[in-house]
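Numbering of the sequence shown is given in the numbering used here, commencing with residue 8 and proceeding in unit increments. In this text, a Cβ means the ideal position worked out from N, Cα and C, and glycines have one as well. Given the structure is predicted, the values throughout are model-derived calculations rather than measurements.
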Amino acid sequence: MGDLLIEVRDLAFRYPGGAQALRGVNFRLHRSETVAVLGANGSGKTTFLNHLVGLLSGEGSVRVCGLPVIAANLGRIRQRVGMLFQDADDQIFMPTVEDDVAFGPLNLGLPAEVVRERVEWSLEQVGLNGQRRLPPHNLSAGERRRAALAGVLATNPEILLLDEPATFLDPPAKRALVRTLGSLPQSKVLVTHEVDFAAALADRAVFFEDGAIVAEGAVSELADRFKWR
Ligand SMILES: Nc1ncnc2c1ncn2[C@@H]1O[C@H](COP(=O)(O)OP(=O)(O)O)[C@@H](O)[C@H]1O
Ligand SMILES: [Mg+2]
């Protein structure tokens, strides 16, 4: 199937000396789909996302854009997949917000003019044009979250993996994020524990429990079934 962007089969993973974090996960993402990943803290959501970009590697098979997620393919895969980490501080490290947003496109070897346009557009998307010359550590936690998202958008990936993108955002910023994400054409995997946020964006949802996907369906249906509100 040409529009199958992510295919995960029987994925299992145990942290060295630690928990069995994934136990037989099966998952698919098609082009233009937004799938919400719901589940309690510690249920394996972040561990799952990390496997999609090869930061972790377990048993089973993971294919992204038709490519097995193995060392030899990671360069190509990471050009097509943008990931917003759960902890923004893991991905913001340049002296100013705009330098940080420019880092990804510069790294892709894009011409300076294109980089400038991408930075402009991405900062606009997250509403941080006014803060572009600030050092990231002077931003609020919610603004750092948005800066990290701008950095991901600036690389114009085909797939967005978003790990708790609404954390630290106040209600207006959350509504703005829903508008932004809703207007983007990318296929998305949206990890969140906020039902309303998921419902506003996702076509369907999967529910993680103890390292496995135990149910799939509409966001509201899963939220009711698991009393997840
Ligand atoms: N680096 C790590 N080393 C050992 N265990 C970990 C590590 N990261 C997560 N875990 C464990 O793996 C399980 C799944 O964690 P995680 O994927 O972060 O869940 P979620 O994102 O759903 O909150 C939890 O039991 C957690 O304690
Ligand atoms: Mg997590």
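Endpoints, the beta strand (DSSP E) within which residue i is located
i    : result
F175 : Note, F175: premise wrong, no beta strand (DSSP E); not H, not E.
V88  : V88 to L91
V32  : Q27 to H37
S194 : S194 to V198
L167 : I166 to D170
Alpha carbon of residue i to alpha carbon of residue j, nearest angstrom
i    : j    : result
Q98  : V159 : 10 angstroms
V196 : E171 : 10 angstroms
D210 : D203 : 13 angstroms
G31  : V44  : 16 angstroms
L168 : G89  : 6 angstroms
G61  : H144 : 28 angstroms
G116 : A230 : 43 angstroms
Boundaries (first-last residue) of the alpha helix (DSSP H) holding residue i
i    : result
T54  : K52 to L59
D17  : Where D17 is concerned, there is no enclosing alpha helix (DSSP H), although the beta strand (DSSP E) it sits in stretches over L11 to R21.
F204 : V202 to L208
S129 : A119 to V133
L105 : It is worth fixing the name first, because residue 105 is Glu in this sequence and not Leu. Looking at the DSSP string, the run of the alpha helix (DSSP H) that includes E105 is V104 to N114.
Residue i beta carbon near ligand 2 (any heavy atom closer than 6 angstroms)
i    : result
Q93  : yes
K181 : no
T199 : no
T174 : no
8 angstroms contact criterion, which residue i and residue j should meet: CB distance rounded
i    : j    : result
L36  : I13  : 4 angstroms
L156 : L91  : 5 angstroms
V221 : K52  : That belief does not hold up - the Cβ atoms of V221 and K52 are roughly 13 angstroms apart, past 8 angstroms.
F175 : G46  : Actually they do not touch by this definition, with Cβ atoms about 20 angstroms apart.
V126 : A109 : 5 angstroms
L59  : V76  : 7 angstroms
G67  : L18  : 4 angstroms
G149 : A180 : 5 angstroms
Beta-bridge partners of residue i, as assigned by DSSP
i    : result
P75  : R70
A222 : F214
G46  : F215
T162 : BP columns for T162 are empty, so no partner.
beta-carbon residue i near ligand 1 non-hydrogen atom, thresh 6 angstroms
i   : result
S64 : no
G51 : yes
G25 : yes
T54 : yes
N48 : yes
V28 : Position check: residue 28 holds Ala in this sequence, whereas Val was assumed. Flag set: Cβ of A28 near ligand 1.
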